[in-house]
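Asker: After the C-alpha cells below, expect a handful of questions from me.
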C-alpha cells in the first residue's frame, strides 16, 4: 500500500505525516507536490496540516484549486482512503469532499494543546484499531477549527454515523455537537482537526494516534 | 516625484541630522572618504549603514570583550547566525534579535516581523530553523494598553511562527512598570545544519551575478535601521511610521526554495544573506565587503510593488521576506527555476565587478559610486562617556533589606500569583509548539528540548534576562544572567554549548546607561569564559526609553545545550513519590532585586552579592554527570521566588507533593541566590548522588503525597498541591480579563 | 472598468465570535444603544467589461471562490464605472 502526502504551498505538517507513516509505521510513502496532477500508483492520500496559501481568504479555500485536487477527488470516488488533518480537513470541506465548514475558534485564538476525544465510530477504515467509546488524547493546533454545518446537514452526519471523533472533556473551539472528526457518507474520506501524526512516538509523550495509521494499514492487508 | 536635494543643498540644509548621521560623520565622509560631497542617495545609504543598528559604532568597543572562540565554534559573530558543531557532521545554528521599537508601535506586525527576520538569519546560513523562543518584558497588567500590547505581541509571534510551521518551544515573560512605554520583544531562532551545507554572506568573483529573490520591494519601513537607533518621545507618535508588514506564507516558500538551493545546489552559490535592516544596501554592501569585491547594481531591475520609487527608497526599503544571493556566472537560470517552482521572484539585479566600488544605476544614471568599505568598514566608532549610576552608590550606603515573612502560607500563595511567576500557559498555548514532531519538551519548563532526527541526541534551548539584577549591579547581574541560562540548560540534562544575546539598553549617550552596557557585558563575558559558553551571535538594541526614562538594562541570554542521550533527559516535574529531594547550591541572603522584594516593597533596591563562577561551574558539571549517568529523576532551576516557587512548580506536573525539612528561614525559602537546583533522585541512586555532590547538595526530604509539607527554621506549612496549582494557573487569565 | 465591492458575511444563523467580542467591548465603552455587530469582509474587484455582464462575473467568482456557502453569504454594490 503506497501513501501520498500532498504538499500544498504552505503545508507544514507534511513531514509529520511522512515520518509517522515512513519511520514509525514502516509504510511506503512519498511526497506529492500539489502542482502535480496524477496520483497513479498510490493507494491512499494524506492531506497534511499547515497554512496552505497562508490561510488567506479562508483556511483551505485556495488549495482546492490546485492541480492535484481532481486526482484526490478521483481517489475519493474510487473508495480509496483519503485523510485530512487540520488544514487537510479544512481543504476537504472546501473541496466538498466532506460536509460542513470550519470556522474561526470561538476564543478567536490559535490553540495548541492536547485534548481528550471519544472514538464515536470504530467501524471505519481509519479507526478499526480503536474501541468504540474509547477515550484517547490527541494534540490540536489550529485557529479555525470550529465545525459548522446547517441543522439539516448536521442531522444527516449524525444519523449516518459519520461522526468519528468527538471532543469529550472540553470543546476547544466551539464545534457543533463537539465534533472533532467526520467521514463522508461512504466512509473512505476522514477529516479531523486533531493531529494523530503528532502522537505516534513515546519519546514525544503520546502514542494515541498510532492506531489510526495502523488501522489504514490493516485495512490494506485485509483487502490484499 | 519629489525633487531630491543637490549635494550642495544637503551640505547646507543638513537633512542627514534627521537620519541620525552627525555633522562630524558627514564631514568625515565628504572630506576623508569620498573627497567630494555625497549626493542624496549616497547620504541616505551612509545614514543607514552608519546607524548603530547596522554598524554597532557605539557598542563595538564593548562587544569586543566577548569570548567568541571555542573548539565547537564553527562560526562566531558577524554572519547571519552563529554555528556550533554538535558532532555527526551536524551543527546547531542560532541567533536572537530584538524588535522592541516596532513592537511598541504596532505590536502584532512588530513581533511577527521580528520572528520573520530572525528565521531568515538562520536559514541564510543554510540551516533549517527548527525552533523559536521569545523573551518578553512588559509593563504591569493593570494597564489596558499594556494588556493590548501583550495580546497583540503574542498573537504576532504565534501568527508568524505557526504559519511557518516552526515550533515555539520556550521563552520568558516578565512584568515591570519600567517597560510600560517600551516593551522588550526579543526572538531567538535555532536551526540545524549539515556542516557541509554551511553558507556565508559573501559576494565575490568578477562577473558573478547578484540575484534578488523573494517578495517585491515597497516603501516599507524606510529608515527602520535609524528608527531603531532613536528613542521614543510620546509627542512624536507620527514619526513612528516605520513598521513593516510580514507575510509568513511568502517566507515559508522562501525558506523551502533557499534550502533546496543550499542543500542540493550549493555549487551554484557563492553566498547568501537576508535583506534585514537597511534592506538591499546592507545585504549587498556587506556581502561585497566580506568578499573584498566591487559590485554594480541596476535598481531598475529590482522587483517593485509600487511605482515611482526613488533609488534611495529602493535601497533602504525594509520590505520583508527577501534574500540576496551571489550566484556563479552561468547558473542564473538554474537558480531562477528553483524559485519559479515556488512562484517567487528571482532576478539578476547586478554583478560583481573588478575593483572595490559600490555602483548603483537608476533610470540610466549612476546614482551612487563609492568605495564598498566606506559603508561597512570606515564607520567612525563613537567614544562614549560612562559613569557609575548614582543609585548604585546610594544603595551601597544603605543597609541591606531584610524581608520579614509574617505568614508563610499567605506569602507562598501570593508569590505564586505574581504575574512574572504565574503560569504562562494562556499565552504559550497560542503557539504551535509541536509542529514538525520533534519537540520533546515544550514551553513551560527550564528549557525547550528538541530531538535531532536520525540520532538519539537532543538540543536544549532557553532565553533568560532579568533586568532587575543588571540594574542593581550590571557586572554581577551580567554574570547571573549567564549562570541562570546555564542552570536552565543543565536542569534538562544538557551540556551548555554557547550563547547568543540581545543587548537591550536605554540611551547610550547617557553616561550611566553606557556604564550599564559596558559593565554588564564585562559580567556576561566573564561568565561565558568560566562556563565555557562563547558568544556566537547577537544583537544590540539601544535607545529603549520613553520620555527620557530608560528601561532596566536588559541583556537577554539565549543559550543552547546538547543532550547527548535522550534517555537521560531530565524534566522539571517530580516523576515518582518517595524520591529523595536535594537542594544543589548554597543559599544566601539574596533579596535585592528578588520577586519577594518587588512583591513586599514594590520597588527594587540594594546591592548584589558576587558569585563564585568557578565553584558554580564545578558543581554544575558534577550535577550534569549524575544526570548523564541516569541518576536524576527531575531537576528544576531556582529563579524568581527561589526554592518556594521551584518546589511548587515541580509538584504541579504530575501533582506529586513533597515533605521537606530545612534549616532555611522562611525568608531564605524565597531567596534568589543564583546557581541552585531542586533535584529529585530515586532512592537507589541517592547515596551516590550525595557523595558526588558533597557539600554542594543538601537533602531536603522526599517527594510524595498530594500536598507540600514544608518545615522551615521558623515556620511550617502544609498546602495542597491542587490549591497552589490553581492559584498559579488562574493568576494571569484573571489579570488579563480585568477591566479598568 | 467597473469596480464592484463584494461583501461576504456569515449567514444569519451562524455564530460570529468576533462580532460578539466587539459588541461586548462597545458595551463596555458605554454604548448600550448598540444591539449587535456582525463582522464580515469585503473585496473591491475591478472588472473589465466586454465578454460578459459584470453581474455574471461577480456571481461566478463569489460562488467559486470568495464565499463558502456552508456558512457564508454575499451581497455586492457597484462602486464606480469608468
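Residue numbers (UniProt numbering), protein chains in the order written: chain A, 1 to 224; chain B, 1 to 740; chain C, 1 to 82.
All C-beta atoms in this analysis are idealised placements derived from N, C-alpha and C, irrespective of residue type, glycine included.
Closer than 8 Å, CB to CB, is residue 12 (chain C) near chain A or not?
Answerer: no
Asker: On the criterion of 16 or more Cβ atoms from any shown chain inside 10 Å, does residue 131 (chain A) qualify as buried, or is it exposed?
Answerer: exposed
Asker: For chain C, is any of its Cβ atoms less than 8 Å away from the one on residue 174 (chain A)?
Answerer: yes
Asker: Using CA coordinates, which residue listed in B:339, B:412, B:107, B:530 is at the minimum distance from residue 640 (chain B)?
Answerer: Looking at B:339, B:412, B:107, B:530, the one whose alpha-carbon comes closest to that of residue 640 (chain B) is B:412.
Asker: Could you tell me if residue 148 (chain A) is buried or exposed, where buried requires 16 or more neighbouring beta carbons within 10 angstroms of its beta carbon?
Answerer: buried
Asker: Could you check whether residue 261 (chain B) and residue 269 (chain B) sit closer than 8 Å to each other, using their CB atoms as the reference points?
Answerer: yes
Asker: Please go through the segment 263-325 of chain B and give each complete alpha helix (DSSP H) segment of 4 or more residues, from N-terminal end onward.
Answerer: 279-290, 311-316
Asker: Tell me which residues share the same chain as residue 701 (chain B) and place their Cβ nearer than 7 Å to its Cβ, disregarding the 5 neighbours each side in the sequence.
Answerer: 581, 658, 659, 660, 661
Asker: By Cβ distance below 6 Å, which residues in the same chain neighbour residue 136 (chain A) in space, the five residues on each side in sequence not counted?
Answerer: 117, 208
Asker: Run through chain B and tell me which residues come within less than 8 Å of residue 83 (chain A), C-beta to C-beta.
Answerer: Ordered by position in chain B, no residue passes the 8 Å Cβ test against residue 83 (chain A), which lies about 16 Å from the chain.
Asker: Along chain B, in chain order, which residues have C-beta atoms closer than 9 Å to that of residue 53 (chain A)?
Answerer: 249
Asker: Quick one: is the Cβ of residue 664 (chain B) within less than 7 Å of any heavy atom of the ligand GDP?
Answerer: Here there are no bound small molecules, and the ligand GDP is not part of this structure.
Asker: Run the CB neighbour count on residue 734 (chain B), radius 10 Å, all protein chains shown included, and call it buried at 16 or more, exposed below.
Answerer: exposed
Asker: Does the beta carbon of residue 141 (chain A) come closer than 8 Å to any beta carbon on chain B?
Answerer: yes
Asker: Counting only C-beta atoms, is residue 158 (chain B) closer than 8 Å to chain A at any point?
Answerer: Closer than 8 Å: yes.
Asker: Check the DSSP bridge columns for residue 83 (chain A) and list the partner residues they point to.
Answerer: Answer is A:46, A:190.
Asker: If I'm right that residue 592 (chain B) touches residue 671 (chain B) with Cβ under 8 Å, what's the distance once you round it to whole angstroms?
Answerer: At roughly 10 Å, the Cβ-Cβ gap does not stay under 8 Å, so residue 592 (chain B) and residue 671 (chain B) are not in contact.
Asker: If we cut at 8 Å on Cβ distances, does residue 9 (chain A) have a partner in chain C?
Answerer: No - not a single Cβ of chain C is within 8 Å of the one on residue 9 (chain A).
Asker: Which bits of chain C does residue 158 (chain A) rub up against, with CB to CB less than 9 Å?
Answerer: None at all; the shortest Cβ gap to chain C is about 16 Å.
Asker: Listing by chain order, which chain C residues have their CB less than 9 Å from the CB of residue 63 (chain A)?
Answerer: Those do not exist, as residue 63 (chain A) stays about 12 Å from chain C at its closest Cβ, beyond 9 Å.
Asker: By Cβ distance below 6 Å, which residues in the same chain neighbour residue 571 (chain B) in space, the five residues on each side in sequence not counted?
Answerer: 634
Asker: Within 10 angstroms of the Cβ of residue 515 (chain B), are there 16 or more other Cβ atoms? Answer buried if so, exposed if not.
Answerer: Looking at its Cβ environment, which holds 16 or more other Cβ atoms inside 10 Å, residue 515 (chain B) is buried.
Asker: So with Cβ pairs under 8 Å, would you call residue 748 (chain B) a contact of chain A?
Answerer: No statement about residue 748 (chain B) is possible, as the shown extent of chain B runs from 1 to 740 and does not include it.
Asker: With distance defined between alpha-carbon atoms, name the residue in A:201, A:90, A:9, A:125 nearest to residue 146 (chain A).
Answerer: A:90
Asker: Residues bridged to residue 76 (chain A) by DSSP?
Answerer: DSSP output for residue 76 (chain A) lists no bridge partner at all.
Asker: What is the DSSP secondary structure of residue 147 (chain A), counted as helix, strand or coil?
Answerer: strand
Asker: When the cut-off is 8 Å and only beta carbons count, does residue 31 (chain A) lie next to chain B?
Answerer: no
Asker: Taking the continuous beta strand (DSSP E) assigned at residue 536 (chain B), which residues delimit it?
Answerer: 535-541
Asker: Kindly provide the ranges of any alpha helix (DSSP H) runs that are 4 or more residues long and lie completely inside the UniProt domain "PurM-like N-terminal" (444-563) of chain B, ordered along the chain.
Answerer: 467-472, 474-491, 511-531
Asker: Use the C-beta contact count for residue 13 (chain A): other C-beta atoms within 10 angstroms, 16 or more gives buried, fewer gives exposed.
Answerer: Taking a 10 Å sphere around the C-beta of residue 13 (chain A), we find 16 or more other C-beta atoms and assign the residue as buried.
Asker: Do you know whose CA, among B:529, B:521, B:513, B:526, lies nearest residue 544 (chain B)'s CA?
Answerer: B:513
Asker: Exposed or buried, what is residue 430 (chain B) when buried is set at 16 or more other beta-carbons lying within 10 Å of its beta-carbon?
Answerer: buried
Asker: My assumption, with CB atoms under 8 Å, is that residue 284 (chain B) sits in contact with residue 297 (chain B). Please give the rounded CB distance.
Answerer: Between residue 297 (chain B) and residue 284 (chain B) the Cβ distance is about 6 Å, and since that is below 8 Å, they are a contact.
Asker: Kindly list, in the order they appear in chain A, the residues whose Cβ is closer than 7 Å to that of residue 1 (chain C).
Answerer: Those within 7 Å of residue 1 (chain C) in chain A number zero; the least Cβ separation is about 23 Å.
Asker: Measuring alpha carbon to alpha carbon, tell me which residue in B:713, B:546, B:301, B:622 is nearest residue 487 (chain B).
Answerer: Nearest to residue 487 (chain B) by C-alpha distance, out of B:713, B:546, B:301, B:622, is B:622.
Asker: Pick out whichever of B:557, B:575, B:677 has its Cα sitting closest to the Cα of residue 616 (chain B).
Answerer: If we check each option's Cα against that of residue 616 (chain B), B:677 comes out closest.
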